[in-house]
Amino acid sequence: MQIKQEVEERHVLTVMVDNEAGILAKIAGLFTARGYNIDSLTVADITENHSVSRITIVTHGPPSQIDQIHAQLERLVPVHKVVDLTEAGPHVQRELALIKVAGVGEKRVEALRVADVFRAKAVDTTTSSFVFELTGSPEKIDSFVAIMRELGLVEVGRTGIVAMMRGAEEA
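Residues in the sequence shown are numbered from 1 upward in steps of one, following UniProt numbering.
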């Protein structure tokens, strides 16, 4: 007897919800109750009258689990729409990170060179450290952090992924 194992996939979901107290707890509870993991979570008010928020969730799992997450999210009362951007088509993903790097001498100079290549902006500078701001794909940020580990990485803060469909139409 063989047990078929489904391949895990990474998915980016956007969820439009009523901007009300407790909705984020409901969504987190949905994931927790079923043992699903949230890799990244961002929330922002998106309407002029503050009535609707957009939640971007990055998760992973086999296709059947992703389908179940999608269906469960759609059943929540304050949810207007759920879109799986991974399946919907071409989309743009970005993340912001603040990266603190300590160093003097040649390591300091090298950190500045690498930051220039990655188009990271120094937003704070002392004689022994920098705080760089970097925006880009999660892979770009991962690469920058990996290089900075060798040059004196002290601390990393990341916002989480924000994503949107490409083109003129709303997802």
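Note that the Cβ used here is the ideal one computed from N, Cα and C, for glycine as well.
Computed from a prediction, not measured in an experiment: that's the story for all the values here.
Three or more Cβ pairs drawn from the segment 40-59 and the segment 17-32 lie within less than 8 Å of each other, which places the two stretches in contact. For the beta strand (DSSP E) assignment, the uninterrupted runs of no fewer than 3 residues enclosed by the UniProt domain "ACT" (12-87) are, from N- to C-terminal side, 38-45, 52-61 and 79-84. Collapsing the DSSP output to three states places Ser128 in coil. Val12 and Leu85 have their C-alpha atoms roughly 6 Å apart.
Residue burial annotation: Thr127 is exposed, with fewer than 16 other C-beta atoms found within 10 angstroms of its C-beta.
Excluding five sequence positions before and after Pro78, the CB atoms of its chain that fall closer than 7 Å to its own CB belong to Val17, Asp18, Glu20 and Ile23, given in chain order.
Ile161 sits in coil when the DSSP states are folded into three classes, being neither helix nor strand.
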